[in-house]
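In this note's numbering, the protein residues as written are -14 to 366. From the three backbone atoms N, C-alpha and C, an ideal C-beta is built for every residue, glycine too. Written below as structure tokens is the structure these notes are about.
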Amino acid sequence: MNMNRLRYFMMAVFAAIISLIAPLISAPGYEIDQDPEITECSTINALSCYPAEIADLIYPLTKDLPNQTQLSIAIIQHDQTTYYGVIKENDTIKPADNQEKVFEAGSITKVFTSTLLASLVTEGKIGLDDSINPYYPFPFKEQREITFLTLANHTSGLPRLPVNLNLSDASNPYKNYTEKELEDYLKRLMTFEHAPSSTYSYSNLGAGLLGYTLGLSQGSSFGELLQERVFNRYGMHSCFFRSADAGDRLVRGLNANGDTTSNWDFDVLAGGGGVLSTTADLGRFAMAQFNPENRELALTRVPTFVVHDSMKTGLGWHILQSETGQELFWHNGGTGGYSSSMTINMANKVAVIILSNVSAFHPASGNIDQLCFELIRYAGE
């Protein structure tokens, strides 16, 4: 998640939460990949193809986005997943059958990383309060200890990014941050912004370190463990770490100017934002949250730290509090060419996922989160 976007929503979205708790009128959606009447609408404005309630939410928040912007939206409601895809072509918003198209998920990856942690914890392989230090063959700077829990809920005190991350290549900043750089950081350069477990401080470094350490803890790699314990378990067969693996299903990212841009490649910090996926896969993951017998997913949603009156953190999730007392489990993501947002209302069993090729650095990137919150309101809060 882009930290500027988080700050924006702590002010703007939470102020808007009052509007999210209003009673809603449920309206039926359409499965755009199954209804022949909708596939016939592919050359006209989406307003004539989708339910008016959906179109009235989508259009104002996409009309000012760059040409060739795509949004892939999944709404889970009444135990069913409905997909809405749009593409902006010049001044026209058109429907797009893109729930199987691949986008960078960005920091939504952190939810998967924490789900992997919860999987290992529920099986007794590691403990939340265990130190990560024993999994490294060298001492950390000043013998500072770090636990799995504080990495998962952003209370470790680690900064947002390591000081030895070379940001000169803004188009692909994480590509060359390898085990060598991480070891050097942990041994010589590590700093803390606050005492452990005392303050929330969002950290891409912390989440990346968590994923890498989970791999070490099981004598495997983070990618292999995530594939085995999360993606395979929840039927998520279109999740990748390399954009090349997505083939022609990849939607090209757009930079802040609306031009196509390169994908971000992650190495040792992949747990912080390295996954590419589809709304179909994320919809399966969100639907699994509603299984009352799933212990590992339930563990990720248990509050572990109170940030302020309107927000807590679980494992990976940000837990927002509405005036009705209902909890919204939320995470977003932002990379150089993509923005994403996912929100789940457990009480009403509704969820919304949006993947897009809108750059996190585009001035209207916040529209993706705004649309996600407005759609979760529509879906049933």
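- Query: Among the residues of its own chain, which have a CB less than 6 Å from the CB of H347, if the five just before and after it don't count?
  - Reply: In the sequence shown, the residue the question calls residue 347 occupies position 362. The beta carbon of H347 lies closer than 6 Å to those of A241 in the same chain, with the five residues before and after it left out.
- At which residues does the alpha helix (DSSP H) containing S99 begin and terminate? By 1-based counting over the sequence shown, the position of residue 99 is 114. Going by DSSP, S99 is part of the alpha helix (DSSP H) stretching over T94 to T107.
- Task: Indicate the three-state DSSP secondary structure (helix, strand or coil) for K172 in the structure shown.
- Result: Along the sequence shown, one-based indexing puts residue 172 at 187. It is helical.
- Task: Leaving out five residues on either side along the sequence, give the residues of the same chain with a beta carbon under 8 Å from the beta carbon of K160.
- Result: Counted from its first residue, the sequence shown places residue 160 at position 175. Only D154, W249, D250, F251 and D252 meet the Cβ criterion.
- Task: Tell me whether N189 sits in a helix, a strand or coil according to DSSP, three-state version.
- Result: Within the sequence shown, residue 189 is the residue found at index 204, counting from 1. N189 carries a helical assignment under DSSP once its states are collapsed to helix, strand and coil.
- Keeping to the same chain, check which residues put their C-beta closer than 8 Å to that of T298; ignore five residues upstream and five downstream. Here residue 298 refers to the residue found at position 313 when the sequence shown is read from its first residue. Closer than 8 Å at the Cβ level, and outside the excluded window around T298, lie N138, H139, T140, Y185, P288, T289, F290, V292 and I304.
- Message: Quick check on DSSP: helix, strand or coil for S141?
- Response: Start at 1 with the first residue of the sequence shown, and residue 141 comes out as number 156. Coil, per DSSP.
- Task: Would you decide whether T77 is buried or exposed? Buried here means 16 or more other CB atoms lie within 10 Å of its CB.
- Result: In the sequence shown, counting from the first residue as 1, residue 77 sits at position 92. Residue environment for T77: exposed (fewer than 16 other C-beta atoms within 10 angstroms of its C-beta).
- Message: Check for me: the beta strand (DSSP E) holding P80 runs from which residue to which?
- Response: For the purposes of this step, residue 80 is taken as residue 95 along the sequence shown, with counting starting at 1. Per DSSP, P80 belongs to the beta strand (DSSP E) from T77 to P80.
- Three-state secondary structure (DSSP) at Q355? In the sequence shown, counting from the first residue as 1, residue 355 sits at position 370. When DSSP states are grouped into helix, strand and coil, Q355 belongs to the helix group.
- Message: N118 and E130 - do their beta-carbons sit closer together than 8 Å?
- Response: The sequence position of residue 130 within the sequence shown is 145, counting from 1. The sequence position of residue 118 within the sequence shown is 133, counting from 1. Yes; because the gap between Cβ atoms is below 8 Å, this pair is in contact.
- Query: Roughly how many whole angstroms lie between the Cα atoms of L201 and E209?
  - Reply: Taking the sequence shown and counting its residues from 1, one reaches residue 201 at position 216. Taking the sequence shown and counting its residues from 1, one reaches residue 209 at position 224. Rounded to the nearest angstrom, the gap between the Cα atoms of L201 and E209 is 11 Å.
- Query: Can you tell which of S188, R173, Y162 and S156 has the C-alpha that lies nearest to the C-alpha of H179?
  - Reply: If you number the sequence shown from 1, residue 179 lands on position 194. Minimum Cα distance to H179 is reached at S188.
- So, using beta-carbon positions, are T320 and E89 closer together than 8 Å? As a position in the sequence shown, residue 320 is number 335, starting the count at 1. As a position in the sequence shown, residue 89 is number 104, starting the count at 1. Yes, Cβ-Cβ distance for T320 and E89 is below 8 Å.
- Can you say whether A229 is buried or exposed, counting buried as having 16 or more other CB atoms within 10 angstroms of its CB? As a first step, residue 229 must be located in the sequence shown, where it is residue number 244. It is exposed - the Cβ of A229 has fewer than 16 other Cβ atoms within 10 Å.
- Query: CA-CA distance, M175 and P147?
  - Reply: The residue given as residue 175 occupies position 190 in the sequence shown. The residue given as residue 147 occupies position 162 in the sequence shown. Approximately 8 Å, taken between the alpha carbons.
- Can you name, in chain order, every residue of its own chain whose Cβ lies under 6 Å from the Cβ of L171, other than the five neighbours on each side? On the sequence shown, residue 171 is found 186 positions in, with the first residue counted as 1. Cβ contact annotation for L171 (same chain, cutoff 6 Å, sequence separation greater than five): F125, in chain order.
- Spatial distance of T54 from L46 (CA atoms): If you number the sequence shown from 1, residue 54 lands on position 69. If you number the sequence shown from 1, residue 46 lands on position 61. About 12 Å.
- Message: What does the alpha-carbon distance come out to for the pair A255 and L261?
- Response: Taking the first residue of the sequence shown as 1, we reach residue 255 at position 270. Taking the first residue of the sequence shown as 1, we reach residue 261 at position 276. Straight-line Cα distance between these residues: approximately 11 Å.
- If I'm right that L282 touches T94 with Cβ under 8 Å, what's the distance once you round it to whole angstroms? Taking the first residue of the sequence shown as position 1, residue 282 is located at position 297. Taking the first residue of the sequence shown as position 1, residue 94 is located at position 109. The pair is not a contact, with the Cβ atoms about 16 Å apart (cut-off 8 Å).
- beta strand (DSSP E) containing E312: first to last residue? Translated into positions along the sequence shown, residue 312 becomes position 327. Per DSSP, the continuous beta strand (DSSP E) segment holding E312 begins and ends at E312 to G319.
- Item | Collapsed DSSP secondary structure at L448 in the structure displayed | Only positions -14 to 366 of the chain appear in this structure, which leaves residue 448 out of reach.
- Task: Could you round the C-beta distance between S223 and A265 to whole angstroms and report it? I think they count as a contact, below 8 Å.
- Result: Position 238 of the sequence shown, counted from the start, is the residue given in the question as residue 223. Position 280 of the sequence shown, counted from the start, is the residue given in the question as residue 265. Contact between S223 and A265 holds, since their C-beta atoms are separated by about 7 Å, short of 8 Å.
- Task: Since I believe L239 is in contact with G322 (beta carbons under 8 Å), could you give me their beta-carbon distance rounded to a whole number of angstroms?
- Result: Taking the first residue of the sequence shown as 1, we reach residue 322 at position 337. Taking the first residue of the sequence shown as 1, we reach residue 239 at position 254. Beta-carbon to beta-carbon, G322 and L239 are separated by about 6 Å, close enough to satisfy the 8 Å threshold.
- Item | Below-8 Å beta-carbon distance, Q212 vs any chain C residue | Annotation note: the requested chain C is absent from the structure, which comprises a single protein chain.
- Task: Would you list the residues sitting across from A59 in a DSSP beta bridge?
- Result: For the purposes of this step, residue 59 is taken as residue 74 along the sequence shown, with counting starting at 1. The partner list for A59 (beta bridge, DSSP) reads Y68 and I338.
- Identify the residues that DSSP records as bridge partners of I304: which are they? Counting from 1 along the sequence shown, the entry for residue 304 is found at position 319. Here I304 is bridged, per DSSP, to K297 and F314.
- Message: Let's test the definition: count the other Cβ atoms within 10 Å of the Cβ of S183 and tell me whether it reaches 16, buried, or not, exposed.
- Response: Locating residue 183 in the sequence shown gives position 198, counting from the first residue. Counting the other Cβ atoms within 10 Å of the Cβ of S183 gives fewer than 16, which makes it exposed.
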